[in-house]
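Visitor: Below is a structure I'd like to ask you about.
Protein chains in written order, with this note's numbering: chain A, 69 to 497; chain B, 9 to 190; chain C, 3 to 316.
This is the structure we're talking about:
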């Protein structure tokens with residue numbers, strides 16, 4: 069019988085249950101026992117959540133854990149710790165590891181590591197093609213039996229020649245296909261958004277077209293096959309508009325964006341800081357506004373970090389040679405508070421929905437909600453806490469983020485995963 | 009750092025008479041006047057050199073070659089300078105080979121500027137002789153350098169500054185002794 | 003210029019985008035003083051005596067490297083040349099490690115040429131030594147633009163209000179970008195002329211007129227800067243053929259005859275005769291190409307001098 073906990077006096081924001089009020093939450097046996105006013109417990113621990121927001125644990129649909137293969141960048145252990153530190157109690161890890169997660173043996177191996185090392189829930193996405201080389205589809209049914217809950221070749225798009233078949237089979241297997249939208253022919257060699265800034269900096273550009281053309285392809289296929297598809301890391305205004313129109317037509321398309329697409333723009337690349345080298349790239353201010361509008365009107369369902377750790381030695385090189393990507397688990401909440409809540413783009417309800425309720429629904433995983441009987445995956449947030457996002461408080465093994473050193477607002481203070489406290493008052497246990 | 013004027017050492021006429029006297033001294037000392045060339049050290053030395061050359065020219069009845077030397081590139085104290093000196097161009101349009109050069113500067117103090125000027129001149133060629141003419145010698149030499157022709161000897165303390173004003177640069181001719189203000 | 007209190011406060015020279023009008027004018031003025039040095043019998047001044055300048059070249063370039071080497075030597079500095087084979091460095095030492103290792107030899111200035119845009123900036127923020135950009139990718143080639151402007155100023159007396167046209171592969175040209183920054187900051191009216199595919203996105207936002215028509219670019223121009231045309235780029239042909247390019251954009255005596263009589267013709271070199279311009283024009287009376295080379299030494303001496311004697315910004 070595991071310990072009982074009482075979270076007292078917090079503002080419970082549970083959009084799935086339309087709750088936004090001061091409530092106490094009783095946790096028992098790893099599950100949510102009761103939500104009410106003036107609750108008490110006889111034995112167990114009471115957590116004072118006065119002045120704080122109590123939300124369902126965040127769910128990140130897009131994380132790169134790097135294990136197996138690149139344990140120097142991140143491991144299941146360090147990545148899951150980073151997740152909890154950022155308020156995420158569940159993450160979906162991408163299959164671009166080494167070896168890629170393209171067969172049941174690799175899935176089993178990873179599941180064993182997760183069971184041993186992970187401090188949060190880790191779900192696995194399997195590769196669409198063998199080795200992610202885009203040549204032969206993997207066995208989706210076998211992957212599902214082994215335990216994957218979604219499919220992606222992320223890092224790369226599913227090739228034109230295979231997307232039809234891939235989508236059909238994913239539907240049959242009951243697995244969500246999340247697509248990295250890029251037309252390699254158009255983006256090849258590019259390192260930042262194509263535009264005036266890339267001209268000024270003398271860098272090869274990645275056009276918005278290389279993304280929205282792929283988004284359009286995916287929407288059209290989903291529509292044709294009446295299938296479900298999820299668009300990963302949307303970054304430009306045209307993509308947002310295509311998705312908006314598709315949803316109006318009833319196409320089963322969902323999408324996510326990452327905090328860097330609504331907090332940063334291509335101007336940030338001016339100093340050749342390789343932590344601003346991301347794929348899809350940071351875009352123009354007009355695109356940033358479109359992403360914010362897409363979040364506000366519900367076109368964009370989810371905020372997912374695309375957490376992509378790289379070591380200092382990999383990133384401390386010429387802009388052209390640096391790998392793409394930045395970490396994101398530990399900056400997501402404060403950046404979202406500053407750029408969305410404080411700027412009145414989203415209310416707290418809406419933000420929590422994008423971080424927990426919606427991803428839970430799209431992935432079909434438990435969580436995202438604080439109903440009785442739900443696993444006690446809970447994130448307690450100090451919404452007004454201001455601090456410097458210093459390098460030494462980052463749990464992730466890698467520190468590649470342009471947000472490091474920023475003065476930020478909004479800090480995760482306590483996190484429960486399946487009814488166990490993993491972080492208490494900002495300290496990882 | 010500001011300066012407080014204490015006394016006037018030379019006025020317009022004094023300066024003119026000093027230059028006139030120096031011109032005569034040069035002509036007396038250097039018999040072969042056709043070999044004389046004047047090189048003034050920028051900034052004020054160059055203007056004084058110009059005036060000196062004209063005066064000598066009137067005495068000898070010939071045109072004396074005149075040049076201006078920028079010694080910024082030869083200074084050994086650039087890192088100590090409180091402001092970064094601008095490099096101006098040197099203008100010496102004649103061959104100094106075999107000439108009897110009169111270097112001209114406004115104030116002779118530590119002697120370091122003159123040392124720089126000698127280094128610079130030797131990079132231009134091999135004169136027969138280099139002599140030094142200054143308007144004011146204020147003492148406190150740090151190197152074994154002396155002037156051959158002096159307008160006025162003015163003993164000074166290290167707290168004092170000799171300020172030379174010329175019509176070409178400040179709009180009037182005078183030399184004043186100033187004291188460094190706290 | 004004499005009494006103007008403009009002081010050089012920058013540790014590095016990374017590009018003309020980052021300089022003010024006054025700082026550019028200071029460099030040009032200082033270069034004028036150094037030009038005089040280059041006409042002397044003994045072309046040496048002790049201004050950088052005891053200082054060490056390293057030419058760190060990731061891209062081969064005999065002319066720029068030689069120019070910097072001579073400039074440093076005429077300032078009495080010690081010079082070391084390091085040429086890095088790009089393919090081997092990918093497997094070996096990183097740029098920052100190389101920079102730090104060079105710095106450990108107690109050197110003062112690193113002159114770096116690199117095929118990646120931004121490399122000098124990345125190097126500069128990781129070493130204490132001064133960094134001078136000798137050309138980075140498509141980004142900037144500040145000393146080339148400075149010597150171009152110095153040459154223009156010495157021929158035409160000013161930069162302000164001059165009509166200057168830059169002709170050629172603008173998209174991939176660091177010379178073009180640096181020239182655009184420098185010329186516009188000093189008040190010139192700049193036009194860029196290139197085949198449509200070689201006009202980079204948004205270039206008009208740098209304050210230039212854009213045209214694909216050579217006659218429009220030449221009309222009324224006081225000076226033209228003709229860029230080197232590269233025909234093999236990323237394995238693809240950027241233009242149908244050399245002959246085709248010459249027909250549409252080559253500077254010929256005939257095209258020049260319709261221009262201002264004293265139009266100044268510049269080229270950063272080396273010239274592809276019969277492609278960017280005819281031999282007749284390259285060797286003709288309007289061409290200042292060789293003067294550019296001579297002026298390059300004075301300009302680079304000025305840059306090395308100023309950067310070596312940087313004053314901390316007040």
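Where is the CB? At the ideal position from N, CA and C, for every residue including glycine. Keep in mind that this is a model prediction, so the values were computed, not measured.
Measure the alpha-carbon distance for residue 347 of chain A versus residue 227 of chain A and round it to whole angstroms.
Guide: Residue 347 of chain A and residue 227 of chain A: Cα-Cα distance of roughly 17 Å.
Visitor: State the Cα-Cα distance for the pair residue 284 of chain C and residue 111 of chain B, rounded to the nearest angstrom.
Guide: Cα to Cα, the separation comes out at about 46 Å.
Visitor: What whole-angstrom Cβ distance do residue 450 of chain A and residue 124 of chain A have, given they're in contact under 8 Å?
Guide: Contact flag wrong, Cβ pair sits at about 17 Å.
Visitor: Anyone know if the C-beta pair for residue 126 of chain B and residue 148 of chain B falls short of 8 Å?
Guide: For residue 126 of chain B and residue 148 of chain B, no; Cβs fall outside 8 Å.
Visitor: Please classify residue 33 of chain C as buried or exposed, where buried requires at least 16 other C-beta atoms within 10 Å of its C-beta.
Guide: When all chains shown are included, residue 33 of chain C counts as buried.
Visitor: Can you have a look at residue 491 of chain A and say buried or exposed, based on whether 16 or more other CB atoms are within 10 angstroms of its CB?
Guide: Result: buried.
Visitor: Look up residue 156 of chain A in the DSSP assignment and say whether it is helix, strand or coil.
Guide: Note: residue 156 of chain A maps to strand in three-state DSSP.
Visitor: With a threshold of 6 Å on Cβ separation, who are the neighbours of residue 202 of chain A within its own chain once the five nearest residues in sequence on each side are excluded?
Guide: Cβ neighbours of residue 202 of chain A beyond the five flanking positions: 227.
Visitor: Let me confirm a value: residue 382 of chain A is counted as buried when at least 16 other C-beta atoms fall within 10 Å, else exposed. Which label applies?
Guide: Buried, since its Cβ has 16 or more Cβ neighbours within 10 Å.
Visitor: Ignoring anything shorter than 3 residues, give me the beta strand (DSSP E) runs that lie fully in the region 205-250 of chain C, in order along the chain.
Guide: List check, beta strand (DSSP E) in window: 211-213, 225-228.
Visitor: Give the straight-line distance between the Cα atoms of residue 144 of chain C and residue 275 of chain C, rounded to the nearest whole angstrom.
Guide: One C-alpha to the other measures close to 25 Å.
Visitor: From residue 89 of chain B to residue 223 of chain A, what distance separates their C-alpha atoms?
Guide: With a pLDDT of 47 at residue 89 of chain B, under the threshold of 50, the modelled position of this residue cannot be trusted, and the question is left open.
Visitor: Hey, residue 218 of chain A and residue 244 of chain A are a contact pair by Cβ (cut 8 Å); roughly how many whole angstroms apart?
Guide: Between residue 244 of chain A and residue 218 of chain A the Cβ distance is about 4 Å, and since that is below 8 Å, they are a contact.
Visitor: DSSP three-state label for residue 439 of chain A, please.
Guide: Note: residue 439 of chain A maps to coil in three-state DSSP.
Visitor: For residue 262 of chain A and residue 268 of chain A, I'd like the C-alpha separation in whole angstroms.
Guide: Taking the straight line from one Cα to the other gives about 11 Å.
Visitor: Going by the DSSP bridge assignment, what does residue 82 of chain A pair with across the sheet?
Guide: Looking at the DSSP assignment, residue 82 of chain A forms a beta bridge with A:87.
Visitor: Pull out every residue of the region 378-403 of chain A whose Cβ sits closer than 9 Å to any Cβ of chain C, in chain order.
Guide: So the close ones are 381, 384, 385, 386, 387, 388, 389.
Visitor: Compare the Cα-Cα distances from residue 323 of chain A to each of A:168, A:191, A:452, A:366 and report the closest residue.
Guide: Nearest option by C-alpha distance: A:366.
Visitor: Closest Cβ-Cβ distance between residue 467 of chain A and chain C: below 8 Å?
Guide: Chain C, which has no Cβ nearer than 8 Å to the Cβ of residue 467 of chain A, makes this no.
Visitor: For residue 132 of chain B, does the three-state DSSP call read helix, strand or coil?
Guide: Three-state DSSP puts residue 132 of chain B in a helix.
Visitor: Would you tell me roughly how many angstroms separate the C-alpha atoms of residue 307 of chain C and residue 184 of chain C, rounded to the nearest one?
Guide: Whole-angstrom Cα-Cα distance: 20 Å.
Visitor: Where residue 212 of chain C and residue 270 of chain C are concerned, what is the direct C-alpha to C-alpha distance, given to the nearest angstrom?
Guide: So the two alpha carbons sit approximately 21 Å from each other.
Visitor: What would DSSP say about residue 118 of chain C, mapped onto helix, strand or coil?
Guide: DSSP places residue 118 of chain C in coil when its eight states are reduced to three.
Visitor: Quick one: complete beta strand (DSSP E) runs, 3+ long, within the region 342-383 of chain A?
Guide: If we require 3 residues or more, the region 342-383 of chain A turns out to have no beta strand (DSSP E) run fully inside it.
Visitor: Flag this pair as yes or no: are the beta carbons of residue 320 of chain A and residue 300 of chain A separated by less than 8 Å?
Guide: Not closer than 8 Å, so no.
Visitor: Return the chain-ordered ranges of every alpha helix (DSSP H) run that is complete within the region 134-183 of chain C and spans a minimum of 4 residues.
Guide: You should have 144-158.
Visitor: So, for residue 30 of chain C: in the same chain, excluding its five sequence neighbours on each side, which residues have a beta-carbon less than 6 Å away from its beta-carbon?
Guide: The answer, listed in chain order, is 152.
Visitor: Can the beta-carbon of residue 288 of chain C be found closer than 8 Å to that of residue 267 of chain C?
Guide: Against a cut-off of 8 Å, the Cβ pair of residue 267 of chain C and residue 288 of chain C comes out as a contact.
Visitor: Contact criterion: CB-CB distance below 8 Å. Does residue 207 of chain C meet it with respect to chain A?
Guide: Closer than 8 Å to some Cβ of chain A, the Cβ of residue 207 of chain C qualifies, so yes.
Visitor: With distances taken Cα to Cα, identify the nearest neighbour of residue 163 of chain B among B:54, B:20, B:185.
Guide: When only C-alpha atoms are compared, the closest one is B:185.
Visitor: Using a Cβ cut-off of 8 Å (strictly closer), state whether residue 44 of chain C contacts chain B.
Guide: Answer yes: the Cβ-Cβ gap between residue 44 of chain C and chain B drops below 8 Å somewhere.
Visitor: Shortest alpha-carbon distance to residue 24 of chain B belongs to which of B:138, B:158, B:152, B:146?
Guide: With distances taken between Cα atoms, residue 24 of chain B lies closest to B:158.
Visitor: Using Cβ-Cβ distances below 8 Å, what residues of the region 89-110 of chain B are close to chain C?
Guide: Listed by position, the residues of the region 89-110 of chain B near chain C (Cβ gap below 8 Å) are 91, 92, 94, 95, 96, 97, 98, 99.
Visitor: When you compare the CB of residue 32 of chain C with every CB in chain B, is at least one pair closer than 8 Å?
Guide: Answer yes: the Cβ-Cβ gap between residue 32 of chain C and chain B drops below 8 Å somewhere.
Visitor: Let me know if residue 464 of chain A comes out buried or exposed under the rule of 16 or more other beta-carbons within 10 Å of its beta-carbon.
Guide: It counts as buried.
Visitor: Relative to the C-alpha of residue 494 of chain A, which candidate in A:154, A:122, A:131 has its C-alpha closest?
Guide: Per the Cα distances, A:154.
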